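K.L.:
Chains as they are written, first to last, in this note's numbering: chain A, 1 to 77; chain B, 78 to 154; chain C, 155 to 231; chain D, 232 to 308.
Protein chains: 4
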Amino acid sequence: MWTEQDNCLQCTFKFKDFSEAFAFMTRVALIAEKMDHHPDWSNVYNTVHVKLNTHSAGGVVTEKDRKLAAAIDRLKA
Amino acid sequence: MWTEQDNCLQCTFKFKDFSEAFAFMTRVALIAEKMDHHPDWSNVYNTVHVKLNTHSAGGVVTEKDRKLAAAIDRLKA
Amino acid sequence: MWTEQDNCLQCTFKFKDFSEAFAFMTRVALIAEKMDHHPDWSNVYNTVHVKLNTHSAGGVVTEKDRKLAAAIDRLKA
Amino acid sequence: MWTEQDNCLQCTFKFKDFSEAFAFMTRVALIAEKMDHHPDWSNVYNTVHVKLNTHSAGGVVTEKDRKLAAAIDRLKA
Chain A
1 MWTEQDNCLQ CTFKFKDFSE AFAFMTRVAL IAEKMDHHPD WSNVYNTVHV KLNTHSAGGV
61 VTEKDRKLAA AIDRLKA
Chain B
78 MWTEQDNCLQ CTFKFKDFSE AFAFMTRVAL IAEKMDHHPD WSNVYNTVHV KLNTHSAGGV
138 VTEKDRKLAA AIDRLKA
Chain C
155 MWTEQDNCLQ CTFKFKDFSE AFAFMTRVAL IAEKMDHHPD WSNVYNTVHV KLNTHSAGGV
215 VTEKDRKLAA AIDRLKA
Chain D
232 MWTEQDNCLQ CTFKFKDFSE AFAFMTRVAL IAEKMDHHPD WSNVYNTVHV KLNTHSAGGV
292 VTEKDRKLAA AIDRLKA
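1. Taking the alpha helix (DSSP H) that Thr103 of chain B falls in, what are its first and last residues?
2. On the criterion of 16 or more Cβ atoms from any shown chain inside 10 Å, does Arg27 of chain A qualify as buried, or is it exposed?
3. Report the partner residues of Trp41 of chain A according to the DSSP bridge assignment.
4. So is the beta-carbon of Lys282 of chain D under 7 angstroms away from any non-hydrogen atom of the ligand FAD?
5. Mind checking which residues open and close the alpha helix (DSSP H) that includes Lys144 of chain B?
6. Is it buried or exposed for Glu294 of chain D, if we count other Cβ within 10 angstroms and need 16 for buried?
7. To the nearest angstrom, report how far apart Glu110 of chain B and Lys188 of chain C are at their CA atoms.
8. Would you say Asp65 of chain A and Leu9 of chain A are within 8 angstroms of each other, going by their C-beta atoms?
9. Classify Ser56 of chain A: buried if its beta carbon has 16 or more other beta carbons within 10 angstroms, exposed otherwise.
10. Return the bridge partner residues of Phe244 of chain D from the DSSP annotation.
11. How many angstroms separate the CA atom of Val198 of chain C from the CA atom of Asn53 of chain A?
12. Starting from the beta carbon of Phe246 of chain D, find every residue of chain B whose beta carbon is closer than 8 angstroms, and list them in chain order.
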């Protein structure tokens, strides 16, 4: 569930353990690098928090962020 | 399905795409490094082929290989 | 340069780009999983911020954190 | 040093240990996914062998392979 807060699209993802969380991060990294649009994200053990906004647009949410969020959501399908 | 062939435990894993295959490889890497026992493996797009044997035991299948294979199988659970 | 702040060992690592930063994260992930001791870390593009403390010890810096920090530092050698 | 053999661009990369080898593979994965052109590669501990050709062109070496090889080489710079 993405929410828009502090000019960021934000979502927290929970996994079984660190291994599953880091595998998810690896897949997000592949998507981000392909889109040339990278998250501001953090991880503690099985939890990954992702924040998206567009630095080059002055730090607001743009279509690039919505596209990256949608691509991340497709990983769970 | 692991088979024993040419003194190796061998298994081929198929995924939806490269991203899913490489995420699996990342998880296997975490397990292998933790066990200090590394696979001889190859990847083409969505396919990962894993071969396990124990070099230090003269290149035969040992308990270390069966333990690593079992840990890899638990990733799919 | 690790500093101790807010009951955490903290360090910021800078890289050339996202690819180099994420490769570093992958190596830290391998170490963390091996030590069964995981960082609280965040990444934005080429920057990785790592915070270490020991939850099971009540959220203070312990020998486990110093050992993980030292192992991370050895990656740069 | 890439060589052309069996209709593939081929190169073997050696690293200090598995961690360094797998970090390299992660960076190659990011490039490959971005280019939509994936290697046929294998890894044993500190060694990564990369083979490139273009399946869609009938399994021969094309400009796509030369471009991917050049991008991989830039990682070492």
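C-beta atoms are modelled at their ideal positions from N, C-alpha and C, and glycine is treated no differently.
Quick caveat: nothing in here was measured; it's all calculated off a predicted structure.
P.N.:
Result, derived from the coordinates:
1. 95 to 112
2. buried
3. A:Val50, C:Asn197
4. In the structure shown, the ligand FAD is absent, as is every other ligand, since no ligand is present at all.
5. 140 to 152
6. exposed
7. 7 angstroms
8. yes
9. exposed
10. D:Val279
11. 11 angstroms
12. In chain order: nothing, as chain B lies at least about 12 angstroms away.
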